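The sequence shown runs 15 to 388 under this note's numbering.
Below: one structure, written as structure tokens.
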Amino acid sequence: MRIVHVIEPFASGVAVFVKSLAESMPGDLHIVIHGERQQVMSANDVKQIFPKENVRFIRWKSAQRSIHPFKDLLALKELHYILNRLTKRGFVDAVHLHSSKSGLLGRLACRLAGIKNVIYTPNGAPFLSNDNPVLNLLLKQVERFGNKMGGKVVCCSASELAEYQKLGIAATYINNGVAIGNSKLSIVNRGVDRKFTVITTGRIETQKNPALFNSIASFLEDYDQIEFIWAGDGQARNLLNSKNITVTGWLGPKAVMDLVSSADIFISTSQFEGLSFSVLEALALKKPVLLSDCVGNRDIVRSGLNGDVFKNEIEGIGKILHYFNNQEMLDVMGQYSLNICEKDFNVDLNLKGYRTVYHIPEQKEEERYLAGVN
Numbered sequence: 015m016r017i018v019h020v021i022e023p024f025a026s027g028v029a030v031f032v033k034s035l036a037e038s039m040p041g042d043l044h045i046v047i048h049g050e051r052q053q054v055m056s057a058n059d060v061k062q063i064f065p066k067e068n069v070r071f072i073r074w075k076s077a078q079r080s081i082h083p084f085k086d087l088l089a090l091k092e093l094h095y096i097l098n099r100l101t102k103r104g105f106v107d108a109v110h111l112h113s114s115k116s117g118l119l120g121r122l123a124c125r126l127a128g129i130k131n132v133i134y135t136p137n138g139a140p141f142l143s144n145d146n147p148v149l150n151l152l153l154k155q156v157e158r159f160g161n162k163m164g165g166k167v168v169c170c171s172a173s174e175l176a177e178y179q180k181l182g183i184a185a186t187y188i189n190n191g192v193a194i195g196n197s198k199l200s201i202v203n204r205g206v207d208r209k210f211t212v213i214t215t216g217r218i219e220t221q222k223n224p225a226l227f228n229s230i231a232s233f234l235e236d237y238d239q240i241e242f243i244w245a246g247d248g249q250a251r252n253l254l255n256s257k258n259i260t261v262t263g264w265l266g267p268k269a270v271m272d273l274v275s276s277a278d279i280f281i282s283t284s285q286f287e288g289l290s291f292s293v294l295e296a297l298a299l300k301k302p303v304l305l306s307d308c309v310g311n312r313d314i315v316r317s318g319l320n321g322d323v324f325k326n327e328i329e330g331i332g333k334i335l336h337y338f339n340n341q342e343m344l345d346v347m348g349q350y351s352l353n354i355c356e357k358d359f360n361v362d363l364n365l366k367g368y369r370t371v372y373h374i375p376e377q378k379e380e381e382r383y384l385a386g387v388n
């Protein structure tokens, strides 16, 4: 099977998601049409994480993050050209669109190219990303319009699915997943003479709410035994100015996993998520998780067992102090995290489900057979 992936934000969680799909289906060819966010990570660096045997890349040169009618029209024209060329050469069995910009332009381009086997995974509902109700309303209408262009909407968490159903959009979901075995290998001892460490990972951007992370850390500045780590980087790095926060910058995957392994708890202050791979990796590494009560995050926590959700700064601070004063319970909570990950967020059980979603219609198989006979 030949699956074409269209990705505008070729970085972070979306890239990890597509990489996981390619690794889960090694017998299929994955063609990745991608943009680039140079300020986050170069496309060449992102490509290094992908398997080489079954993945090929095509640069989508005119794709860019911001909304710009003229540039978006150019991006649509270029994407239609690429898809049309691949279709004529027999390289398209299914097209999988990742994130909102790719989802809209991709469904338009597929409609123009006559491609009907189209899947769209939002990886975070865009209409949840802004405090501006007018902009959110506009983004909801964009999602409804894109849905009329065809394709299947496959969300990556149950709570994200619920948000799309509220819009009247028929959808389904398949949970994101991580490789349990590989994560277990990176579990390390925390050590005795060390500070109580609260960690998060990923891009420092508005969606991740670094201002809230900073506020929580600032309240605990006078606790010398507690430290905060943000393993990552981004344009909003200046918001992390509390003296007890360490920002590592971009690190390799192994270095990040080792930092998470040696921490006491993993925190997410995100405003919304699809289903964060960073949090799932923390589960696999047996970390208790403290997550903001938002779409995507609330699917991961079994309250009181593997962690908690919090609604505001005060609740977050209270939970951290509770964990700090009751550290003997962290190992038990961490084991629950691993158990939950194995049951609900195992890549071997989850992402392979996309092969069923990608199925080739029987009519197309018949057409191929007849073409071979003739």
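Glycine is no exception: its CB is placed at the ideal position from the N, C-alpha and C atoms.
Remember, it's a predicted structure, so these values are computed and weren't measured experimentally.
What residues match up with residue i in a beta bridge as DSSP calls it?
i, result
"W393", "Outside the displayed range of the chain (15 to 388) lies residue 393, so it cannot be described from this structure."
"L389", "Residue 389 is absent from the model: the chain starts at 15 and stops at 388."
"G321", "V303 and S317"
"F71", "V46"
"I21", "H48 and H112"
"T186", "V168"
"V132", "V109"
Quick one, which of the options has its alpha-carbon nearest residue i's?
i, options, result
"E329", "Y350, I230, E235 and M347", "I230"
"V261", "S292, I213, S276 and E157", "I213"
"L181", "F338, A139 and G195", "A139"
"L93", "D59, S292, V106 and S76", "S76"
"L100", "S80, C124 and L88", "C124"
"Y350", "N223, I81 and L299", "L299"
"R73", "K222, V46, N340 and D358", "V46"
"S306", "G318, I281, G117 and S292", "I281"
"K301", "F105, V309 and C355", "C355"
"G128", "G164, A89 and L111", "G164"
"N340", "N252, P65, K154 and G318", "G318"
Tell whether a beta-carbon distance below 7 Å holds between residue i and residue j.
i, j, result
"E219", "A250", "yes"
"Q179", "K209", "no"
"V323", "R316", "no"
"V192", "V18", "no"
"N320", "M343", "no"
"K333", "L304", "yes"
"M55", "A25", "yes"
"H48", "N68", "no"
"S232", "S256", "yes"
So residue i and residue j are supposed to be a Cβ contact under 8 Å. How far apart are they, rounded?
i, j, result
"C170", "T211", "Wrong, their Cβ atoms sit about 28 Å apart, outside the cutoff."
"E157", "I183", "7 Å"
"L254", "W264", "With a Cβ gap of about 15 Å, L254 and W264 do not count as contacting."
"V30", "I21", "Incorrect: roughly 11 Å between the Cβ atoms, too far for contact."
"G310", "S173", "6 Å"
"G117", "L111", "5 Å"
Going straight from the alpha carbon of residue i to that of residue j, what length do you get?
i, j, result
"I314", "L294", "8 Å"
"V148", "N137", "22 Å"
"A296", "G195", "13 Å"
"M15", "M39", "10 Å"
"L335", "N190", "30 Å"
"K130", "N353", "39 Å"
"T370", "G216", "31 Å"
"F60", "F338", "What sits at residue 60 in the sequence shown is Val, not Phe. Cα to Cα, V60 sits roughly 37 Å from F338."
"L88", "D107", "25 Å"
"E50", "K366", "27 Å"
"S34", "A185", "22 Å"
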